[in-house]
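Notes for the one structure printed next.
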Amino acid sequence: MIKVGITGCDNLRAAELVRLLIYHPDVELRWVRGSSPAGTRLDRIVPGIAGDSDLTVNPEEPLDEVDVVFTCDPRQQLPATLEVLNLPDDTRIIDLSGSHNLDHGTEHQWKYGLSEMQRRILVHDAQYVTVPGNAAAASLLALMPMARNLMLNSPLALRVAMGATAFPQEGKTIDGMDAAAWQAEQQREVVMALEMCQSSFNQPVTLSISPLSERRTLAVAARFKSGVDGEMIGQLYEQYYDDHNFVFMVDRPITTADVENTNKCLIRLEKDGHTGELTVHAVMDLLLKGGAGAAVHVMNLMFGLHERVGLDLKCTGC
Numbered sequence: 065m066i067k068v069g070i071t072g073c074d075n076l077r078a079a080e081l082v083r084l085l086i087y088h089p090d091v092e093l094r095w096v097r098g099s100s101p102a103g104t105r106l107d108r109i110v111p112g113i114a115g116d117s118d119l120t121v122n123p124e125e126p127l128d129e130v131d132v133v134f135t136c137d138p139r140q141q142l143p144a145t146l147e148v149l150n151l152p153d154d155t156r157i158i159d160l161s162g163s164h165n166l167d168h169g170t171e172h173q174w175k176y177g178l179s180e181m182q183r184r185i186l187v188h189d190a191q192y193v194t195v196p197g198n199a200a201a202a203s204l205l206a207l208m209p210m211a212r213n214l215m216l217n218s219p220l221a222l223r224v225a226m227g228a229t230a231f232p233q234e235g236k237t238i239d240g241m242d243a244a245a246w247q248a249e250q251q252r253e254v255v256m257a258l259e260m261c262q263s264s265f266n267q268p269v270t271l272s273i274s275p276l277s278e279r280r281t282l283a284v285a286a287r288f289k290s291g292v293d294g295e296m297i298g299q300l301y302e303q304y305y306d307d308h309n310f311v312f313m314v315d316r317p318i319t320t321a322d323v324e325n326t327n328k329c330l331i332r333l334e335k336d337g338h339t340g341e342l343t344v345h346a347v348m349d350l351l352l353k354g355g356a357g358a359a360v361h362v363m364n365l366m367f368g369l370h371e372r373v374g375l376d377l378k379c380t381g382c
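What follows is the structure in structure tokens.
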């Protein structure tokens with residue numbers, strides 16, 4: 065069993081993570097910490113787990129009793145949290161705060177945790193992993209096959225529609241970051257990741273965000289010009305994602321019910337034969353594939369489990 069601890073247990077991203085880990089067949093959730101008073105029952109913080117966990121918030125649990133810690137703290141609190149924890153050197157950390165997504169040269173050598181991009185590294189060479197921002201993750205999943213084949217050679221326009229869950233504090237993120245600042249950060253994250261995949265990439269990228277009525281869905285439309293015909297591009301995407309477990313190609317409009325409450329990302333291609341523009345639509349659950357589900361996927365890879373363990377989830381529309 066993988067022994068797990070969670071810090072920052074009392075926010076939206078942590079709640080989804082707790083639900084996944086409690087029912088994960090290869091995980092023992094040993095301790096949780098957060099801003100709630102010591103002794104607070106976890107099922108008072110996370111709805112839906114009553115009867116399934118007797119855990120309480122306990123800052124005194126021995127830290128060396130876990131193999132991996134998920135950090136869900138607000139990003140401004142994370143450095144202080146890590147300093148106080150003073151974890152053993154061999155403890156693995158998976159960070160959901162986004163604190164390290166733009167920082168690949170730090171003391172701990174954080175690895176970028178987009179599994180469809182970094183799977184080999186996450187399996188063989190990762191101790192500290194940062195989970196991508198949800199808008200960046202969806203955008204990159206829409207673009208990865210093109211970047212890996214050195215085919216991103218024109219300006220990119222990324223339109224991201226997000227449910228209200230992304231900004232629970234009246235236009236601010238869970239961490240209290242202004243939406244405009246967060247949008248700019250997500251854009252930089254996309255550019256940095258694309259440069260990791262396609263070293264020749266030097267095109268301008270614009271990322272815009274708009275609201276979506278469905279609370280927890282994230283939909284990206286990535287538009288750019290491509291001289292390759294639509295059928296060949298479709299084959300390229302099918303081949304790239306053929307051995308991945310959570311990204312699937314569809315040939316019909318994607319509804320939010322297809323992905324809500326799952327760790328899936330569905331992708332549809334739309335090629336304009338007159339203008340040569342390709343639009344790649346990617347839709348996913350912003351709290352699961354865009355957060356907690358992606359983090360559990362990373363853990364599965366790090367500990368040699370099958371990617372789908374604990375992540376076979378029933379969609380809302382099923």
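The sequence shown begins at 65 in the working numbering and counts up one residue at a time. A virtual CB, placed ideally from N, CA and C, is assigned to each residue, including glycine.
Buried or exposed for residue i, please, with buried defined as at least 16 other CB atoms from any protein chain shown within 10 angstroms of its CB.
i      : result
Lys378 : exposed
Val362 : buried
Asp118 : exposed
Ala257 : buried
Met296 : exposed
Glu302 : exposed
Gly112 : exposed
Pro196 : buried
Determine the contact status of residue i and residue j, defining contact as a CB-CB distance below 8 Å.
i      : j      : result
Leu350 : Arg252 : no
Leu160 : Cys136 : yes
Leu178 : Leu149 : no
Gly98  : Asp74  : yes
Met215 : Glu180 : no
Val68  : Val82  : no
Gln247 : Leu271 : yes
Gly294 : Lys335 : yes
Leu282 : Gly354 : yes
Work out the CA separation of residue j and residue i for me, nearest whole Å.
i      : j      : result
Phe288 : Ala221 : 7 Å
Leu93  : His308 : 27 Å
Ala199 : Met210 : 18 Å
Ala346 : Glu124 : 43 Å
Tyr87  : Ala243 : 33 Å
Thr71  : Ser290 : 44 Å
Val323 : Asn165 : 25 Å
Glu341 : Ser263 : 23 Å
Val132 : Asn217 : 40 Å
Glu371 : Glu147 : 31 Å
Arg223 : Ala286 : 6 Å
Arg156 : Asn122 : 20 Å
Asp107 : Ile273 : 34 Å
Gly240 : Gly337 : 43 Å
Asp315 : Tyr304 : 16 Å
Tyr192 : Thr339 : 44 Å
Which residues bound the alpha helix (DSSP H) around residue i?
i      : result
Pro152 : From DSSP, Pro152 is part of no alpha helix (DSSP H); its letter is neither H nor E.
Leu352 : Run containing Leu352: none; DSSP gives neither H nor E here.
Would you give the residue range spanned by the beta strand (DSSP E) that residue i belongs to?
i      : result
Ala286 : 281–289
Ile109 : From DSSP, Ile109 is part of no beta strand (DSSP E) but of the alpha helix (DSSP H) over 106–109.
Glu80  : Element bounds for Glu80: not the beta strand (DSSP E) but the alpha helix (DSSP H), 76–86.
Phe134 : 132–135
Val121 : Unbroken run through Val121: none, as it is neither H nor E.
Pro275 : 269–276
Of all the CB atoms in chain B, is at least one closer than 8 Å to the CB of residue i?
i      : result
Leu282 : Within the model displayed, chain B is absent; a lone protein chain is all it includes.
*Every unbroken alpha helix (DSSP H) inside the segment 187–254 [4 residues or more]*: Taking only runs of at least 4 residues, the alpha helix (DSSP H) segments lying wholly in the segment 187–254 are 198–212.
_Every unbroken beta strand (DSSP E) inside the segment 296–361 [3 residues or more]_ = 311–313, 329–335, 341–349
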